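A.B. asks:
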Amino acid sequence: MEYFLELVFSGLTRGSIYALIALGYTMVYGIIGLINFAHGEIYMIGAFTALIIATVLNMYGLPLPAVLILAAIAAIVWSAAYGFTVERVAYRPLRGAPRLSPLISAIGMSIFLQNYVMLAQTPNFLPFPTLIPEPAFLEPIASMVGTTDLTILLVTTVVMVLLTLLIKFTRTGKAMRATSQDRTMAFLVGVNVDTVISITFVIGSSLAAIGGVLIASHIGQINFYIGFIAGIKAFTAAVLGGIGSIPGAVLGSFVLGLTESFATGYVSSAYEDVFAFSLLVLILIFRPAGLLGKASIEKV
Amino acid sequence: MLELRHVDTYYGNIQALYDISLEIKTGEIITLIGANGAGKSTTLMSISGIIVPRRGKILFKGQDILGMAPNTIVQLGISQVPEGRHIFPALSVAENLDMGAFLRRDKKGIEEDRAYIYELFPILKQRRNQPGGNLSGGEQQMLAISRALMARPQLLLLDEPSMGLAPLVTRQIFEIIKKINKEQHTTIFLVEQNANLALQVADRGYVLENGRITMQDKAELLLANTDIQRAYLGI
């Protein structure tokens, strides 16, 4: 039983991280119909920013929670700036071009950012400092669920609630939903669609940065390639849940995280990807639009 | 209020509008009639700034708005109800109306306009929490017009409000259009294939053929014109 719970918590933790990244994919897809392949790199840049800031702050001997929060804020700001710039440079000039062009541009951006970080930093793995303390009172359950897992779950939950409130109730949120449902009409009621698209990239990138900081602290090392792998997994989660659907991305992420965790725990860690992608194939056979995705009906 | 001078609009290299000139005075209902593909919607999209004409001038209250961003044009007081209604399907009826008032900050005025619209179309009040996509065609047309009114426009552009509606519902919509013109003093530019109905409510009309304006006159004279009768009224 304890082993089972351990696997559940480890699955939920993975799922949380996937969700933080998958939201960026699904929101961007919902607004401009583009798979932003450079999104994983934004997450990686978030982790690197946090590493640099945390290293500097640790030298000054700040308390751990303060270091964590400041490093996370720096990561959010820096990643958001990258997300914003990527959209401006690589996607906005191609608005109105055939769908394939921005997709190629996205892949190019992804390769560029990976290599840029590799050259500017290092191709090797860098140790990431532990930023989340392990207090003594959590000792009894530490074998099942660590403080890092709890922190990841808690942060993800808070972020999801905030995002839901933003999208449901604010003027910006309504503009985002309207733009994703009918872009021409959004123009006609006076929405500045370019601004909405920029805001979407900034929000998605910020979420990815939070994911980057949390997972780097959890795993303890990063390199320029982590964004690619995490990005592919989160993208899978977004498709699993129904690309373009925000609750779908969250659900898909947890389903994927739990599947991987159980596959690792009961079969072998060598097979976790086999199970993850078999699940994707199965779901796409029976529900081609994903778990919560709506099958799009082309009206003629 | 609105004046188009020698407007040429292109889609890529294909010219859709040739030398369009027309004028709409404050308080008028003007109609633009023409067959499918004549360029009626293109004319409205050119005014709203969704497509930018290559040549010409579009003067709104004396100011050239050609090349301005669509949101600036809405801000200046021109709202459009596009062909096919374009309801935000997953937003509730109330949220669709909120989107109409997107650029307004006067909370009190917005609530007044909302109350006026609910009085005009009680069905929308009943259905205010339902997704817009669940409404019938006629209700969607009412919502589309209401959403445009929420911007409190000085000039309302209507593209084929009768499309796909039962004759009875169409009559009702046209009654409301007249009412809005009278009660809210909104100037109306109505684009229609249903020339008969459009000319009955309009003060003046323009005829568009293959991207060119071929005729313009008072609405009752166009109704009586034998060429128009043969081509557009099926008489």
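Chains as they are written, first to last, in our numbering: chain A, 2 to 301; chain B, 4 to 238. Cβ atoms here follow ideal geometry from the backbone N, Cα and C, with glycine treated the same way. Quick caveat, the model's predicted, so the values are computed rather than measured.
#1: Give me the Cα-Cα distance between residue 272(A) and residue 101(B), rounded to the nearest whole angstrom.
#2: Taking residue 154(B) as the reference, give the member of 108(B), 29(B), 209(B) and 30(B) with the closest Cα.
#3: With contact counted as at least three CB pairs below 8 Å, one residue from each stretch, are the segment 163-171 of chain B and the segment 21-33 of chain B in contact?
#4: Can you say whether residue 214(A) is buried or exposed, counting buried as having 16 or more other CB atoms within 10 angstroms of its CB?
#5: Restricting to Cα atoms, I'd like to know which of 285(A), 162(A) and 155(A) is closest to residue 14(A).
#6: Alpha carbons only, please: which of 185(A), 191(A), 205(A) and 157(A) is nearest the one belonging to residue 172(A)?
#7: Buried or exposed: where does residue 147(B) fall if 16 or more other Cβ atoms within 10 Å of its Cβ makes it buried?
#8: Expressed to the nearest angstrom, what Euclidean distance is found between the alpha-carbon atoms of residue 314(B) and residue 179(B)?
#9: For residue 212(B), which three-state DSSP category applies?
#10: Expressed to the nearest angstrom, what Euclidean distance is found between the alpha-carbon atoms of residue 149(B) and residue 226(A)?
#11: What does residue 195(B) pair with, by DSSP beta-bridge criteria?
#12: Is it a yes or a no for the segment 280-299 of chain A touching the segment 222-242 of chain A, going by three-plus beta-carbon pairs under 8 Å?
#13: With 8 Å set as the bound, which would you pick, yes or no: does the beta-carbon of residue 188(A) sit closer than that to a beta-carbon of chain B?
#14: Alpha helix (DSSP H) containing residue 49(B): first to last residue?
#15: In angstroms with no decimal places, state the Cα-to-Cα distance between residue 19(B) and residue 45(B).
#16: When you compare only the Cα positions, how much space is there between residue 301(A) and residue 87(B)?
#17: Given that a residue counts as buried once 16 or more other Cβ atoms are within 10 Å of its Cβ, and exposed if not, what is residue 30(A)?
#18: If you reduce the DSSP assignment to three classes, tell me which class residue 86(B) lands in.
#19: Taking DSSP's pairing of strands, which residues face residue 10(B) in a bridge?
#20: Tell me which same chain residues have a C-beta within less than 6 Å of the C-beta of residue 92(A), skipping the five on either side of it?
#21: So, at 7 Å on beta carbons, what are the nonlocal neighbours of residue 81(B) in its own chain, with the 5 sequence-adjacent residues on each side left out?
#22: Write down every uninterrupted run of the alpha helix (DSSP H) in the segment 143-227 of chain A whose length is 4 residues or greater and which is fully enclosed by it, in chain order.
#23: Consult DSSP for residue 151(B) and reduce its assignment to one of helix, strand or coil.
#24: Can you have a look at residue 9(B) and say buried or exposed, based on whether 16 or more other CB atoms are within 10 angstroms of its CB?
#25: Output, in sequence order along the chain, the residues in the segment 162-185 of chain A whose CB is closer than 8 Å to any CB in chain B.
#26: Do you know how far the Cα of residue 11(B) is from the Cα of residue 41(B)?
#27: If you reduce the DSSP assignment to three classes, tell me which class residue 300(A) lands in.
C.D. replies: A quick look at the data gives this:
#1: Locating residue 272(A) in the first sequence gives position 271, where the first residue counts as 1. Locating residue 101(B) in the second sequence gives position 98, where the first residue counts as 1. Within the model, the alpha-carbon separation for residue 272(A) versus residue 101(B) is close to 50 Å.
#2: On the second sequence, position 151 is the one that residue 154(B) refers to. Checked all of 108(B), 29(B), 209(B) and 30(B); the closest Cα to residue 154(B) is 108(B).
#3: Pairwise C-beta distances place the segment 163-171 of chain B out of contact with the segment 21-33 of chain B, as fewer than three of them are shorter than 8 Å.
#4: If you number the first sequence from 1, residue 214(A) lands on position 213. Burial call: buried.
#5: By 1-based counting over the first sequence, the position of residue 14(A) is 13. Each of 285(A), 162(A) and 155(A) was checked against the Cα of residue 14(A), and the nearest Cα belongs to 155(A).
#6: As a working note, residue 172(A) is residue 171 in the first sequence. Relative to the Cα of residue 172(A), the nearest Cα in the group 185(A), 191(A), 205(A) and 157(A) belongs to 191(A).
#7: Taking the first residue of the second sequence as 1, we reach residue 147(B) at position 144. Buried, since its Cβ has 16 or more Cβ neighbours within 10 Å.
#8: Outside the shown range of chain B (4 to 238) lies residue 314(B), about which nothing can therefore be said.
#9: Translated into positions along the second sequence, residue 212(B) becomes position 209. Correct three-state label for residue 212(B): strand.
#10: Here residue 149(B) is taken as the residue at index 146 of the second sequence, counted from 1. Here residue 226(A) is taken as the residue at index 225 of the first sequence, counted from 1. Approximately 52 Å between the Cα atoms of the pair.
#11: Counting from 1 along the second sequence, the entry for residue 195(B) is found at position 192. Bridge partners of residue 195(B): 36(B).
#12: Contact between the segment 280-299 of chain A and the segment 222-242 of chain A is present: three or more C-beta pairs spanning the two stretches fall below 8 Å.
#13: Start at 1 with the first residue of the first sequence, and residue 188(A) comes out as number 187. Answer yes: the Cβ-Cβ gap between residue 188(A) and chain B drops below 8 Å somewhere.
#14: Residue 49(B) sits at position 46 when you count from the first residue of the second sequence. Residue range 43-51 is occupied by the alpha helix (DSSP H) that includes residue 49(B).
#15: As a first step, residue 19(B) must be located in the second sequence, where it is residue number 16. As a first step, residue 45(B) must be located in the second sequence, where it is residue number 42. Whole-angstrom Cα-Cα distance: 7 Å.
#16: Mapped onto the first sequence, residue 301(A) falls at position 300. Mapped onto the second sequence, residue 87(B) falls at position 84. Residue placement at residue 301(A) is flagged as unreliable, the pLDDT there being 44, under the threshold of 50; the coordinate-derived value follows with that caveat. Residue 301(A) and residue 87(B): Cα-Cα distance of roughly 12 Å.
#17: Here residue 30(A) refers to the residue found at position 29 of the first sequence. It counts as buried.
#18: Sequence index remark: in the second sequence, residue 86(B) carries index 83 (1-based). Residue 86(B): coil per DSSP, three-state reduction.
#19: Counting from 1 along the second sequence, the entry for residue 10(B) is found at position 7. Answer by DSSP bridge pairing, in chain order: 23(B).
#20: Position 91 of the first sequence, counted from the start, is the residue given in the question as residue 92(A). These residues qualify, in order along the chain: 103.
#21: Taking the first residue of the second sequence as position 1, residue 81(B) is located at position 78. Within the same chain, residue 81(B) has close Cβ partners 50, 51, 63, 156, 158 and 160.
#22: Within the segment 143-227 of chain A, the complete alpha helix (DSSP H) runs of at least 4 residues are 148-170, 172-182, 184-189 and 194-220.
#23: By 1-based counting over the second sequence, the position of residue 151(B) is 148. Of the three classes helix, strand and coil, the one that applies to residue 151(B) here is helix, per DSSP.
#24: Translated into positions along the second sequence, residue 9(B) becomes position 6. Residue environment for residue 9(B): exposed (fewer than 16 other C-beta atoms within 10 angstroms of its C-beta).
#25: Per Cβ criterion, the list reads 172, 175, 176, 178, 179, 182, 183 and 185.
#26: Position 38 of the second sequence holds residue 41(B). Position 8 of the second sequence holds residue 11(B). CA-CA distance, residue 41(B) to residue 11(B), rounds to 14 Å.
#27: The count along the first sequence starts at 1 and reaches residue 300(A) at position 299. Note that residue 300(A) scores a pLDDT of 46, beneath 50, so its modelled location is shaky; the value from the coordinates is reported in the next line. In the structure shown, residue 300(A) sits in coil (DSSP, three-state: anything other than H, G, I, E or B).
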